Every structure is written in structure tokens, then in C-alpha cells.
Amino acid sequence: MIKRKRYIFTGIVQGVGFRPFIHRVAKEHSLSGFVQNRSDGVVVEVEGSVEALDDFIREVISRPPPLADISRFSQMEVDVLQDDEFRIITSRKGDRGEVHIAPDIAVCDECLHELFSPPDRRYLYPFINCTNCGPRLTIIRGVPYDRENTSMACFPLCPECEREYENPHDRRFHAEPTACPVCGPSLSFLDSEGNVVSTKNPVREAKDALLRGDVIAVKGLGGYHLAVDATDDIAVIRLRNRKYREAKPLAIMVKDVEHASMIAHVGQKEKDLLLSRERPIVLAKKKENTKISPHVAPGMAHFGIMLPYTPLHHMLMDERFFALVMTSANHKDEPICIANREAVSRLRGIADFFLVHNRDILVRCDDSIAMIAAGKSRVLRRSRGLSPKPVVLGESYPEILALGPQIKSTVCIVKKDCAFLSPHIGDMETPQARDFFHESVSVLQTISECAPKVIACDLHPGYYSSRVSRGMSNHIIIPVQHHHAHVVSCMAENALSGKVIGLAMDGTGYGTDGQVWGGEFLVADEREFERAGHIRYYLLPGGEAAIREPWRIAVSLLQEAYGGAWREVAERLDLIPEKRHYEIFDRVMKLKINSPYASSLGRIFDAVAAIMGLRRHVSFEGQAAMELEAIAVKDTDVDLPFGLFEKEGLLLLDLIPSIRELTEAFLRRVPAEEIAFAFHQTLRRAFIVATETLREKTGLHRVVLSGGCFQNRVLLEGCVMDLEDAGFEVYSHSLVPTNDGGISLGQAVCAGARIKRGV
Ligand SMILES: [Zn+2]
Ligand SMILES: [Zn+2]
Ligand SMILES: [Zn+2]
25 MIKRKRYIFT GIVQGVGFRP FIHRVAKEHS LSGFVQNRSD GVVVEVEGSV EALDDFIREV
85 ISRPPPLADI SRFSQMEVDV LQDDEFRIIT SRKGDRGEVH IAPDIAVCDE CLHELFSPPD
145 RRYLYPFINC TNCGPRLTII RGVPYDRENT SMACFPLCPE CEREYENPHD RRFHAEPTAC
205 PVCGPSLSFL DSEGNVVSTK NPVREAKDAL LRGDVIAVKG LGGYHLAVDA TDDIAVIRLR
265 NRKYREAKPL AIMVKDVEHA SMIAHVGQKE KDLLLSRERP IVLAKKKENT KISPHVAPGM
325 AHFGIMLPYT PLHHMLMDER FFALVMTSAN HKDEPICIAN REAVSRLRGI ADFFLVHNRD
385 ILVRCDDSIA MIAAGKSRVL RRSRGLSPKP VVLGESYPEI LALGPQIKST VCIVKKDCAF
445 LSPHIGDMET PQARDFFHES VSVLQTISEC APKVIACDLH PGYYSSRVSR GMSNHIIIPV
505 QHHHAHVVSC MAENALSGKV IGLAMDGTGY GTDGQVWGGE FLVADEREFE RAGHIRYYLL
565 PGGEAAIREP WRIAVSLLQE AYGGAWREVA ERLDLIPEKR HYEIFDRVMK LKINSPYASS
625 LGRIFDAVAA IMGLRRHVSF EGQAAMELEA IAVKDTDVDL PFGLFEKEGL LLLDLIPSIR
685 ELTEAFLRRV PAEEIAFAFH QTLRRAFIVA TETLREKTGL HRVVLSGGCF QNRVLLEGCV
745 MDLEDAGFEV YSHSLVPTND GGISLGQAVC AGARIKRGV
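To convert a position in the sequence shown, counted from 1, into our numbering, add 24.
This is the structure in C-alpha cells:
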């Protein structure tokens, strides 16, 4: 009995060798029919005996190609057509898209083997790739994902590549970015002015320059890196000075996990993460006395380490380098450079040479960052290798575009049960970053093939994205409170629904009372929240300026702790840069000039670091807190008290008693490591008491942890452990960042839930 069935597969099923796989399985089971890429998925029609059809679908579902991710498939019986063979037919553009574009994937072992095999025709060809690896998102112009819709369109295949491309049994069958030295892109080496340096071997030129201590701009998958020898102090300092990057840690690339293990504590989970095909930068605890320059990550507990992920990286990382600094090539607050001319002009004065190629990068994509904490991998920046793979939600929502926050920004489109997050955009402080924001919205609309009419944004009226939303007059605009968005983003990636207790411990976000929130206990569902408690307000003197100058926050907290005696304490701590600040401060605080109330935990971390003399000025957000975490290693008897009380139904956590006690301890010369440790312990105790109080009040036992402070591994691991011990179901971030990089997801799902239930 002969039957014919039609299947439509959706998910990541294009550009990942899905059609050749289907072709092979169909042939193995002697089925005729066809497979075709369409905007609504991969359509397969197969005809044959009932048993063969059953075997076919069983095999497709159970053993798809390595990079494929079938999110859904439909099947129906259709009329028998008596085809005599199984064919792969040309793509056509449908009306509505259900096809997901794959992220960029690290070069696979087979390609690597060919890269370093002299007889291979792609020997030392830095653009080698196949269906199982190579660029995807970063070379895409439109859908469906076919060569003519990528930046490879201008490289017609040579006859030999064409043969591989057409052969269903070849690893490069329909590998859209496939190329070889005859037909594909090529490298060149440019001087600091962008003039081509005449050479047969650009890679060797680059390596020689690196050995001399030069700064080299290297064009990668999603943008340019600036590279220097990571063991060369002078080169690292030169790069920092030229980039005006005082202290922010620089990522490094090492050849393999063995090299990574020489500089950092790399457990099995870190190894797996380093070697994963997404190849993120992995934060791993530093070892003492390594070869790496101390200027790479000063004051930090971790190195950000990654392994080579493009063929070019593998060619660069030879035995002459122990490690290279590989940091995004950009100016402060500007997005990563992608175009050759743009790079030469924007990196003037920074790069001594450029190692470039002529395959255009169409979508900017920074390196992703991840770490292992509480036994799980946690993404801290979701970009190359991960974006635009969707986060699958627990339910379907109408189409929503969420515009994200102001710093560490991403944008997100929700379509049905899939949330597509853009690569990391960064801080929206410069015109270039704002252009990148608009670029990211349009990329997401292209790849998700929708242009949502519902827009979610932050409640903060001054954010750039909020201003953009006000200009979108024919759209429905749904503002979402920042910390509610944090909690919902964590719920969304855990497919949670219904009421939870949410701990949003964060830098700063705009509250419904117009004050600066950031230490929030919420009782929330996807749609709405109640502020059940928060860290007791303190004044944030000078508003935004306090973020860069944590000593100001310290003074504010000392005033709370010591009243009129604060000056004497501040003097003993040598906290205030200039004498005249005392008078100014008194006035500012009394009259509350430009000094909003804040409940931010992140800013308290900053203040504690300032009190302990670790840091009075910061050069990047979170620096003081990261340094405090780095030294929180020494167990101690120091016990810091805190207050927890209820006022008008609101739970208030008072950390001023801790501030007073830790100041006393510091003045008694208790080691900073002990004080930092005690401060973390105190927060753990305070959070558990507060959460238990809320459980008694609400009967809820699911706790969601979100906000930038949970990037702090000591705090996250402690809280997860304590809460689980106390019988809570604890949910934290893994797939999307706990910092503001996850906000757009929370905004989108919150807006979706409101629309769905008719708000
Ligand atoms: Zn490959
Ligand atoms: Zn070729
Ligand atoms: Zn936040």
C-alpha cells in the first residue's frame, strides 16, 4: 500500500544540513518526493510504503543533524503523485516565516582537520566551513537562508565548490557560505592608514606584528577584535591607553583548554562551556602567578577566556603566543566595528595594523559571555553563537517588539512561543549605539518576518528606547517597570507562569513612584506586580554622578548611620576627595538637590567598596561590586546586623546597621577580605528572612532571582543554596542574562500577557 505524506518542519532547520539529511533518509527508505526550504519551514513530501514512511519520520525526529533544532512539525496525508525520485527543489519565498536562522557556529573538527592538512585544497584557507559550522546570522541579508541572501552572494562558486554544493552526499551540500581559495573571500593586511601591505602571507605579518607588541585589528565573525599579546605588559597598557579603557577587564583567547587550565580554575563544566560550539567567553577563577599580564583584568576574580572559533583564529594562535587579548574593537560606548572602511577610520590611533577580509559582516555580533555558577551555565551576554536562537516560552503570545533598557541593551521580538533576542547592543549613550539599536530592530524584524504593532518599553521616560516608542504613533505602547521585567524575563526562560516571589537585586531602574529602584521584593506574575518590599530608601546624592563616584553614596549611607558624626567618620576613612565637598554635601543632602531616593543594592555594593577604600571612582558599571566580590573569600566571625520591618504593609530591609558595623570593623583594621565576606553573608541572611516572611504572607513558595547583582557568583550561589534549604523552589537565569541584557525578554512577555488577557 503506497501513501504520500507532507511534513512541515519549523525551528532551526535551514542552513544546518537539514535538506541533505532528509534526502539521505528518504533515499535509505526508498521513498520518492521532495524537500524544499520555504519561509514557513522546510516542506517535505515523501511517498512509499506505510512502514517506510513510519521509519522515515521516526529517524528524522530522533537523529536530526547536529545543528538542527526542530521546534515543531505538522503532518498530513496528500494524494499519491508517483514521483520516480527524491529531489531537493529550489527555495521559494512564502508569506509568513516560521524558519529560524541559526547562530554562528565555531569551526568543526572536520574542517579544522582539512585546514591543517597540506594536501587539502583548503589547506590554510581561513574561510573554510561546511554545513555543520561557520557563519550564519552575521552574513544574512534576508530570508530564506540561501546564498543569494547572504554576503557570500558576490562570490560565485567555482566548479569544484559547485560540485560539492550540489552533491547530497557531501558535507558541503547546500552549505551556503562554502568557499575555497579559488572562488571565496581572501585576507589582506593593512597599515594604520588602511593601505594594503604587499605580502603573500597576511597571517604571518599579523603574527610578527603581535610579537613586536603592536595592536592588531582582526576582522572576525561578528565584528573586529583588537588583539595584543596578553603576556606583554607594555602592549596591554598601550591598548588600554589608546582605547581609553582604564580598567575594564579584557577578554583573552588561548589555544586550547590545557592553556586555559594554566591560568584559571577550569572544572569539567567550564571545559564543556569553553569547547561548546557557541564558544562564549567563559569567566573562570584566576590562578595565582600566571603568565598573563596583570593589566588584563586588574582587581577581578576571573579571567574572561575563550578558545579560537574561526579558522583564522586557529591560524593566529600558534605556539609563539601563550594568549592573545581579543577585545571588541570599538570606542567606549560605541558598538563593535564591522565594515573595513569603518574600522580603519574608527580605529585610527588605536590599531597599528588591520588583518581584514572581503566577506562582509552584515549583522554586528559581539562575543557572548558565560559562567558556571551553582552548577549551571549562565549567559551574561547573549550574542555570537547564541543569537538569534529563540528562547522557547511556556505559551504563545501575540507578536510583540520590546525595545529594552538603556544599558547592556538588547531588543526582543516575541512571535508565538518563540522569543528572538538581538545580539548585545550595549549602552545607548552614543549616536553610533543608537544607530545600532535601530539596525537591531530591523534585523530582528527581518529574521522573524514580522513587524509587531505592539511595542513594550521601559517605564523610564528618559530612556532612548522610551523616546523612540513615543514616536510610534500607530502602535500600542506598553511600558513595563524595569524590575518587573527582570522577574518576568527569568520566569519566561524557565517557562513559569502564575504568581511568584521575585527578588530583583539590581543597579538602578525607574520605579512607579519616580524613585530609583533596585533592591526589590516583588509578588508578581507575567502581567502585573505588587511591590511587597524593598531595601530602605537612601539618598543618591547627585543622581547619575553617584554611579561613577561611589564615595558619594558612601557618604549618604554614613550620614544615615552616624547622623551629624558622619564627617568625622568620613575623615577617618579618607573618603572625601576635597575638603570643600563637606559643605557642598551638607547642603545637597539637606535640600535634596538632584538627589532621588534609591533602593538599589548595586549602589550599596559600590558604597561598601568605597568605604573599604577599594574604589572611590569607577570606570565602568559594576566595577566596585566586582572587586568586592573578588576579595570576599575569607571566612570570618564578623557579624553584620540588619533590620527588617513592616511599614504600611511594605517590607523594608534596612542595611544601615550593616554599614555602620562594617565601617567600625574596617576602622578596627579587620581585613577587607573578611568584611567583604561578611557583607555577602549578611545579604544572604537578610534575603532568606525577607523571603520567608513573604511566604508566610502569601503562601507562595516559588522564588525568582533576577537583576544585575546576581552576576555576583558568591551571592547567587549562597542565595540558591539557602532558599532551597528553606524549601523554596528557586529559579534563576541561565539562557538570558540576569543583568539588563535580559530586560527586553521580560518586557515582551509581560506586554504579551497583558494583551492576551485584554489589558
Ligand atoms: Zn565544518
Ligand atoms: Zn571554490
Ligand atoms: Zn536592571
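All C-beta atoms, glycine included, are put in the ideal place defined by N, C-alpha and C.
Small disclaimer: the values here were computed from a predicted structure and weren't measured.
Straight-line gap, residue i to residue j (C-alpha atoms, nearest Å)
i: R120; j: M350; result: For R120, the pLDDT reaches just 45, beneath the cut-off of 50, and the residue's location in the model is therefore unreliable, although a value from the coordinates is still provided. Their backbone Cα atoms lie some 40 Å apart in a straight line.
i: K477; j: I500; result: 6 Å
i: C132; j: T155; result: 10 Å
i: I329; j: P414; result: 25 Å
i: I305; j: K671; result: 45 Å
i: V720; j: E550; result: Note on residue identity: the sequence assigns Glu, not Val, to residue 720. Taking the straight line from one Cα to the other gives about 22 Å.
i: V504; j: Y561; result: 22 Å
i: S446; j: S490; result: 18 Å
i: L425; j: E312; result: 46 Å
i: Y421; j: V465; result: 19 Å
i: A92; j: F33; result: 11 Å
i: P143; j: H137; result: 11 Å
i: D256; j: S317; result: 6 Å
i: A321; j: A634; result: 20 Å
i: V728; j: S756; result: 6 Å
i: R187; j: F110; result: 19 Å
i: H508; j: A656; result: 29 Å
i: H47; j: I26; result: 19 Å
Residue i, DSSP secondary structure in three states
i: Q539; result: coil
i: S513; result: helix
i: S56; result: strand
i: T762; result: coil
i: H283; result: helix
i: P503; result: strand
i: G770; result: helix
i: T334; result: coil
i: K293; result: helix
i: S141; result: coil
i: G328; result: strand
i: C154; result: strand
i: C182; result: coil
i: K721; result: helix
i: N61; result: strand
i: H605; result: helix
i: K477; result: coil
i: S788; result: Here the chain comprises residues numbered 25 to 783, so residue 788 is not present and cannot be evaluated.
i: S317; result: coil
i: D257; result: helix
i: P422; result: strand
i: Q99; result: strand
Cβ-based burial, residue i [other Cβ within 10 Å; buried from 16]
i: H193; result: exposed
i: L336; result: buried
i: Y630; result: What sits at residue 630 in the sequence shown is Asp, not Tyr. The residue in question, D630, is buried, as its Cβ has 16 or more Cβ neighbours within 10 Å.
i: G538; result: exposed
i: T202; result: buried
i: Q771; result: buried
i: A519; result: exposed
i: I22; result: Limits of the chain in this structure are 25 at one end and 783 at the other, which puts residue 22 out of reach.
i: D530; result: buried
i: V102; result: exposed
i: G566; result: buried
i: E592; result: exposed
i: Q430; result: buried
i: D391; result: buried
Rounded Cβ spacing between residue i and residue j (contact assumed at less than 8 Å)
i: A233; j: F345; result: Not quite, the Cβ-Cβ distance comes to about 12 Å (not below 8 Å), so this is no contact.
i: R96; j: G39; result: About 18 Å separates the two Cβ atoms, so there is no contact after all.
i: A254; j: I240; result: Wrong, their Cβ atoms sit about 13 Å apart, outside the cutoff.
i: R405; j: H448; result: 5 Å
i: A353; j: G247; result: 7 Å
i: E71; j: R28; result: 4 Å
i: V579; j: F609; result: 6 Å
heavy atom of ligand 4 below 7 Å from residue i C-beta
i: R406; result: Among the ligands modelled here, namely ligand 1, ligand 2 and ligand 3, ligand 4 does not occur.
Subject >> Within 5 Å of ligand 1: residues by beta-carbon to any heavy atom >> reply: Counting every residue whose Cβ lies closer than 5 Å to a heavy atom of ligand 1, we get C132, C135, C154, N156 and C157.
Original post:
Which residues have a Cβ closer than 6 Å to any heavy atom of ligand 3, listed in chain order?
Top reply: The set, ordered by position in the chain, is H506, H510, D530, G531, G533, G731, G732 and D764.
**OP:** Using the beta-carbon of each residue, find all residues closer than 7 Å to any heavy atom of ligand 2 and list them in chain order.
**Re:** Listed along the chain, these residues meet the criterion: L181, C182, E184, C185, A203, C204, V206, C207 and G208.
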